[in-house]
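Per this note's numbering, the sequence shown runs over residues 1101 to 1215.
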Amino acid sequence: MKIFRCILPVFIFSLTFLVDLWGETPPAPKDTAVVVLSPAQLRKIAERASSDFMEAQRKNNHKAMLTALLNEAEAWLEMNAVQQADKVLGKASGMVHENEMNTLAGKFYLLKTKA
């Protein structure tokens, strides 16, 4: 019984602080960072993705072609070049099949909503 006399007040005391936290949202993590690339770096990424697409097309690798097109479209969208991104996504739309949902298809639809 002596144990309960010590534990019970501690338990009730901790519950009072828990009630105070119910209405509050937890703070954002402190270690989040946003990477901002310069337009020159984004252009370089788009050019590299375009050359990767040509290489994958030469090898007839559809997954690599789609990956390269999506990377290029993402770089164009980051530069706010929506027309170029839409053109690239138009090429990629023929490679995405609605019945075959995977990560690349999800990325395609995400980029399509941004464009």
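Just so you know, even glycine gets a beta-carbon here, dropped at the ideal spot from N, CA and C.
Quiz item: Would the beta-carbon of residue 1172 fall within 8 Å of that of residue 1153?
Solution: Yes; because the gap between Cβ atoms is below 8 Å, this pair is in contact.
Exercise. Locate the alpha helix (DSSP H) running through residue 1206, then write down its first and last residues.
Key: 1203 to 1214 is the extent of the alpha helix (DSSP H) around residue 1206.
Practice problem: From the DSSP output, in three-state form, read off residue 1151 for me. | Solution: Helix at residue 1151.
Quiz item: So does the stretch 1135 to 1150 actually touch the stretch 1177 to 1186, counting three or more Cβ pairs closer than 8 Å?
Solution: A contact exists between the stretch 1135 to 1150 and the stretch 1177 to 1186.
Exercise. Note the first and the last residue of the continuous alpha helix (DSSP H) segment covering residue 1182.
Key: Counting along the chain, residue 1182 sits inside the alpha helix (DSSP H) bounded by residues 1182 to 1193.
Self-check item: Among 1145, 1141 and 1211, nearest to residue 1182 - alpha-carbon criterion
Solution: The shortest C-alpha to C-alpha distance from residue 1182 to any of 1145, 1141 and 1211 is the one to 1211.
Quiz item: Is DSSP giving residue 1137 helix, strand or coil here?
Solution: In the three-state scheme derived from DSSP, where H, G and I count as helix and E and B as strand, residue 1137 is classed as coil.
Quiz item: For the alpha helix (DSSP H) that residue 1171 lies in, which residues bound it at each end?
Solution: Counting along the chain, the unbroken alpha helix (DSSP H) around residue 1171 starts and ends at 1162 to 1178.
Self-check item: Rounded straight-line distance, which links the Cα of residue 1143 to that of residue 1193
Solution: When only Cα atoms are considered, residue 1193 and residue 1143 end up about 22 Å apart.
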